[in-house]
Amino acid sequence: MLYVVIAFLYLSLLFYLLFGGADFGAGIIELFSGGSSKERTRLLTYQAIGPIWEANHMWLIITIVILFVGFPEIYTLASVYLHIPLSLLLIGIIARGTAFIFRHYDAVKDHFQKIYNLIFVYSSFMTPFFLGILAGTAISGRIDPDATDFVSAYLSPWLGWFPLSVGLFTVVICGFLAAVFLIGEANDNDDRELFRKKAFRMNILTVIAGGLVFLVGEWEGIRLFTELINHPVGLAALVLATLSLPVTWMLLRQKKVYWPRVLVGFQITMILVTLMVSQHPDFIILKNSTISLENAAAGESTIFALGMALLIGSLFILPALFYLIYSFQKQPVSVKKSLKH
Amino acid sequence: MDDLLAARSQMALSLGFHIIFACIGMIMPFLMAISHYKYLKSGKEKYKTLTKAWSKGVAIFFVTGAVSGTMLSFELGLLWPEFMKHAGPIFGMPFSLEGTAFFIEAIALGFFLYGWEKFHPWFHWFTGVVVGVSGLASGILVVAANAWMNSPAGFDYVNGEYLNIDPMAAMFNDAWFTQSLHMILAAFVATCFAVAGIHAWLLTKGKNTNIHKAALKISLTLGAVAAILQPLSGDLSAKDVAERQPAKLAAMEAHFKTEEAASLIIGGIPDEENQAVHYAIKIPGALSFLAHGDFNAEVTGLDQIPKDEQPPVTITHFAFQIMVGCGMVLMITGIIWLFGLWKNKKYIYSSKFLGWIALLTPLGFLAVEAGWFVTEVGRQPWILYGIMKTKDAVTPMPGIVYSFLLYAAIYVSLAGIVTLLLIRQIKNIDKNQDLSLPSNS
């Protein structure tokens, strides 16, 4: 049952990165767009993710619940030593969620919209940035449970070039994901062309940011990379992700909609797989020790109950969720038409 | 302000904020579904307008409730890591089920809000009902987890270790039923009376009266029924608390000395130094009866509780009085309303009565907040009753006071914006559409 729980943990992380990521990415694209393109992105974002964004956000809650029920040691360790970036992540989540709903449900459209938009785009950037920082810190071996002073215990674990570069990488991945996703949401050729261009740009940034993570990691002596080369599955996943990139470009050029989405999803999955297997069995690497999911797991009865709850829950959730996504996928929306209204 | 007090304040603020949004997000879907049902059955436009107006409220409150709930799931660890390290695996069951319920609610809400004219009308209605039912389920589950903190179960505590963990037994602890029942009814009372208050106020303005009348009928009737049931559940809770947490009951009642045929103390100002209550109304034997069902039973007083295990008496006592007082006012108003509705009396739509209902808008939530103070402050100094003290659970990170100030600023601004949004929504109903016109009704 432990492996069922672990599978759900990784699955919920992956889904949060994929669905929530596309969600954050829409805000990131809006942040880096100008003029009418900003307005078009905004409308498309609302129509594309409006019905499902609440559900997207739920994957994070599932992740947290699995951690605190099943792996309390990891949850409390992160809560103590990563208190500050976790708080900042939280603030991003609050600001984004509320700004999104406020800007669409405010009965009066006035200058408040500007404030909502600002909060929405900046928190869309901030949230995945800190999510990446947390992930980067977890594998960097920077957390020191023996630290006694404030800076080395609560600041320096996450405030370093490696965690920051992972944060940046997460942000651009989300942007890339969203751009590719939004191509298919628009049914207007101009809109599609707009997001296709954005997808290319975001993809270039993704490659640069990914390279940066490698360089910084190498420079700071993060052991992830030596282990990665030695791990056949991790290496294979990374090679597959890289090889699928040119295919994505080709398909984007051919104005395909469906397959680029699948490929981008595949690339992100492969990145997570790479990270996971090259780390295995460790989950968090501390300064002088490591913690694995197997060792940090709660007692058998807890894991059994948690696993059952997840299995039964997914029987209800997954069909309903897929039907929801399917229902609102049937008719792509025209931004131009909405703008005229 | 030291770190412990800052952490407690932040937690109290987060919970106090979340509880309002969670209640509204949990109950309004039911109001919406009733109105929606009436629309589908009668085809009257006023019910459709009302359903849509209420669904906007649901969306705003659901999101605010969801994000503040997410914050809480993080804050449990950020503020009380030592507690979560041990408690997580034991009381995690209701949380994992709550995750499922909440997920279903989010999915159903997506269907409902964006599903007008997209699905079969009854399927669309059904998704609205699912929003309500799954919301209610998450409420019950979360309160079950809190009940476990009051009534630890499902493990053996041996030499500081938590052994033989049984998550199911922890979830179905002795307090889960009475606490959940009391909370759910409170959510119905508070939300329905608040909604009714707003519509009553709008009714006095004389615009769209058919819509506001329909809204008032649905919300106040539901609220009145819940308000009448609430004292029964309160009685169950009191007996439960008397048995399991005598210190909490003693603090609620400012009952300093253990005695037989104990009197019920109404109102009054507790004097903790001299162990007395001034200016209170005392009903002899009533406390013994309420706590143990026998006018002569012995009720444990604070003198039986070690000094360092006594909850703050004054706060708990005042909070308890406020909760009961508000509940009583709402119940009596509810009875008057139901009687008027049943006998077709004119007074229920008189400007005086409508004004009174409008005045009561915040009262239910005042009672809810006071009730949480009783539950949470009354449990102090324990975070896990009888096992772990709050001061032993707090995070080692210093400077929590800054965190508290930051979150306080966020909550205050959120509350401000949500209030503004609501005012705008309400104004909008009356500004844009005068639906009392016959062509629209």
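Heads up: the protein sequence lines correspond to chains Z and V, in order.
Per UniProt numbering, the first sequence starts with residue 1, numbered consecutively.
Per UniProt numbering, the second sequence starts with residue 1, numbered consecutively.
Ideal Cβ placement from N, Cα and C applies to all residues, glycine included.
**Message:** Going by beta-carbon coordinates alone, are PHE103 of chain V and LEU321 of chain Z separated by less than 9 Å?
**Reply:** yes
**Request:** Return the chain-ordered list of same chain residues with a C-beta closer than 6 Å to the C-beta of MET58 of chain Z, the five sequence neighbours on each side being excluded.
**Result:** none
**Item:** Proximal residues, the segment 61–84 of chain Z versus chain V, C-beta separation under 7 Å
**Value:** Under the 7 Å Cβ criterion, the segment 61–84 of chain Z contributes ILE61, ILE62, ILE64, VAL65, PHE68, VAL69, PRO72, GLU73, TYR75, THR76, SER79, VAL80 and HIS83.
**Span separating the alpha-carbon of ALA409 of chain V from that of ALA190 of chain V** = 25 Å
**Request:** Tell me, please, which residues DSSP counts as bridged to VAL233 of chain Z.
**Result:** Paired residues: none, contrary to the question.
**Request:** Quick one: grab the DSSP three-state call for ASP146 of chain Z.
**Result:** coil
**Request:** Using the Cα positions of VAL262 of chain Z and ALA241 of chain Z, report the straight-line distance between them to the nearest angstrom.
**Result:** 12 Å
**Request:** Buried or exposed for MET168 of chain V, please, with buried defined as at least 16 other CB atoms from any protein chain shown within 10 angstroms of its CB.
**Result:** By the 10 Å Cβ count, MET168 of chain V comes out exposed.
**Request:** Report the three-state DSSP secondary structure of TYR385 of chain V (helix, strand or coil).
**Result:** Coil at TYR385 of chain V, not helix or strand.
**Request:** Taking VAL63 of chain V as the reference, give the member of Z:TYR3, Z:ARG103 and Z:ILE74 with the closest Cα.
**Result:** Z:ARG103
**Prompt:** In whole angstroms, what is the alpha-carbon distance linking ALA250 of chain V and PHE91 of chain V?
**Reply:** 27 Å
**Request:** Can you tell me which of V:PHE30, V:LYS38 and V:VAL377 puts its alpha carbon nearest to the alpha carbon of HIS317 of chain V?
**Result:** V:VAL377
**Prompt:** Hey, GLU243 of chain V and VAL299 of chain V are a contact pair by Cβ (cut 8 Å); roughly how many whole angstroms apart?
**Reply:** Contact doesn't hold; Cβ gap of about 11 Å is too wide.
**Item:** Per-residue DSSP class, three states only, for ILE423 of chain V
**Value:** Residue state, collapsed to three classes: helix.
**Item:** Inter-stretch contact at 8 Å, needing at least 3 Cβ pairs: the segment 230–244 of chain V / the segment 395–402 of chain V
**Value:** no
**Coil, strand or helix - ASN282 of chain Z by DSSP** = Per the sequence shown, the amino acid found at residue 282 of chain Z is Asp instead of Asn. If DSSP states are grouped into helix, strand and coil, ASP282 of chain Z belongs with the strands.
**LYS217 of chain V: first and last residue of the uninterrupted alpha helix (DSSP H) it sits in** = Segment 209–244, the alpha helix (DSSP H) holding LYS217 of chain V.
**Prompt:** At a cut of 8 Å, does the segment 157–172 of chain Z reach the segment 180–193 of chain Z through at least three beta carbon pairs?
**Reply:** no
**Request:** Report, in whole angstroms, the separation of the C-beta atoms of PRO94 of chain V and ALA145 of chain V, which I expect to be a contact under 8 Å.
**Result:** 4 Å
**Prompt:** Whose Cβ in chain Z lies nearer than 8 Å to the Cβ of ASN428 of chain V?
**Reply:** Going along chain Z in sequence order, the residues near ASN428 of chain V (Cβ under 8 Å) are ALA107 and VAL108.
**Item:** Separation of TRP382 of chain V from ILE119 of chain Z, as counted between CA atoms
**Value:** Whole-angstrom Cα-Cα distance: 39 Å.
**Message:** Going by beta-carbon coordinates alone, are GLY16 of chain V and GLU369 of chain V separated by less than 9 Å?
**Reply:** yes
**Prompt:** Which of the three DSSP states, helix, strand or coil, is assigned to residue 459 of chain V?
**Reply:** Chain V is shown from 1 up to 441; residue 459 of chain V falls before or after that span and cannot be answered.
**Cβ-based contacts, 9 Å cut-off: residues of the segment 130–154 of chain Z near chain V** = PHE150, ALA153 and TYR154
**Request:** Would you kindly report the start and end of the unbroken alpha helix (DSSP H) that includes ILE357 of chain V?
**Result:** 351–359
**Message:** Please list, in chain order, the chain V residues whose beta carbon lies closer than 7 Å to that of VAL299 of chain Z.
**Reply:** Inspection of the sequence shows that residue 299 of chain Z is occupied by Gly rather than by Val. Chain V residues near GLY299 of chain Z: PRO89 and ILE165.
**Message:** Which residue marks the beginning of the alpha helix (DSSP H) containing ASP191 of chain Z, and which one marks its end?
**Reply:** 189–220
**Asked** In three-state DSSP terms, what is ILE19 of chain V?
**Response** helix
**Item:** Under 7 Å by beta carbon: chain Z residues contacting PHE123 of chain V
**Value:** The premise fails here: PHE123 of chain V is roughly 10 Å from chain Z at the closest Cβ pair, so nothing lies under 7 Å.
**Request:** Report the neighbours of LEU306 of chain Z on chain V: residues whose CB is nearer than 9 Å to its CB, in chain order.
**Result:** Within 9 Å Cβ-Cβ: PRO89, GLY92, MET93, SER96 and PRO167.
**Request:** Go ahead and pull the three-state DSSP assignment for LYS345 of chain V.
**Result:** coil
**Asked** What did DSSP end up calling residue 445 of chain V once you bin it into helix, strand or coil?
**Response** Coverage of chain V is limited to positions 1 through 441, which leaves residue 445 of chain V absent and any answer about it impossible.
**Asked** So GLU71 of chain Z packs on ALA298 of chain Z, CB below 8 Å; how close in whole Å?
**Response** Note on residue identity: the sequence assigns Phe, not Glu, to residue 71 of chain Z. PHE71 of chain Z to ALA298 of chain Z, Cβ: 7 Å. Contact.
**Request:** Could you say if the segment 330–341 of chain V and the segment 223–230 of chain V meet the contact criterion of at least three C-beta pairs nearer than 8 Å?
**Result:** yes
**Request:** Please determine, among V:PHE155, V:HIS182 and V:PRO121, the residue with the shortest C-alpha to C-alpha distance to VAL143 of chain V.
**Result:** Ranking the options by Cα distance to VAL143 of chain V, first place goes to V:HIS182.
**Prompt:** Helix or strand or just coil, what does DSSP make of LEU109 of chain V?
**Reply:** helix
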